[in-house]
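> Shown below is the structure under consideration.
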Amino acid sequence: CKKTILTYQYWVHQPTRKKDTTFLKWIFITPHMHSVHHLAATKYRRGNMGAMFSIWDHMFGTYVDCDEDEKISYGSGDPVVYANVFALNFIPLYNVIKDKFKSKKAA
């Protein structure tokens with residue numbers, strides 16, 4: 808199982824700008840979707856957070872699409888300050904959920 812996950816992560820980190828046209832993009836993260844997750848532009852900062860399943864991004868409203876023609880500038884907006892794997896994975900999830908509830912209150 809671990810090899811399968813590592814193989815999948817290797818695949819989604821392949822550089823590609825080709826948009827996904829299959830129905831699987833509604834369930835699984837694809838290289839195009841994951842590349843958006845790594846873009847440095849502010850408008851993509853909290854988009855496409857799912858590590859394997861894109862269905863979560865569609866459910867929580869964090870799915871972001873990017874044009875194939877847009878100039879790519881990779882980077883992280885926020886520096887990684889946690890050495891703990893638990894914190895690295897769950898603090899961003901907490902922030903997304905917190906932002907979701909803030910947006911409902913503002914509406």
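Using this note's numbering, the first residue of the sequence shown is number 808, and each one after it goes up by one. Ideal placement from N, C-alpha and C gives every residue a C-beta, glycine not left out. Model, not experiment: these values are computed from the prediction.
(1) Does the Cβ of Met-840 have 16 or more other Cβ atoms within 10 Å, making it buried, or fewer, making it exposed?
(2) What first and last residue would you give for the alpha helix (DSSP H) that runs through Val-843?
(3) Starting from Phe-860, follow the alpha helix (DSSP H) in both directions and report where the run begins and ends.
(4) For Thr-814, count neighbouring Cβ atoms within 10 angstroms of its own Cβ and tell me buried if that reaches 16, exposed if not.
(5) I'd like to check one pair, Met-856 with His-865: are the Cβ atoms closer than 8 angstroms?
(6) Rounded to whole angstroms, what's the CA-CA distance from Ile-798 to Val-892? Just pull it up for me.
Concretely, from the data shown:
(1) Classification of Met-840: buried, given that the 10 Å Cβ count is 16 or more.
(2) Run containing Val-843: 838-844, per the alpha helix (DSSP H) assignment.
(3) Per DSSP, Phe-860 belongs to no alpha helix (DSSP H) and is neither H nor E.
(4) Using a 10 angstroms sphere on the CB of Thr-814, the tally of other CB atoms stays under 16, which defines it as exposed.
(5) Contact flag unset, no.
(6) Nothing can be reported for residue 798: it is not among the residues displayed for the chain, which extend from 808 to 914.
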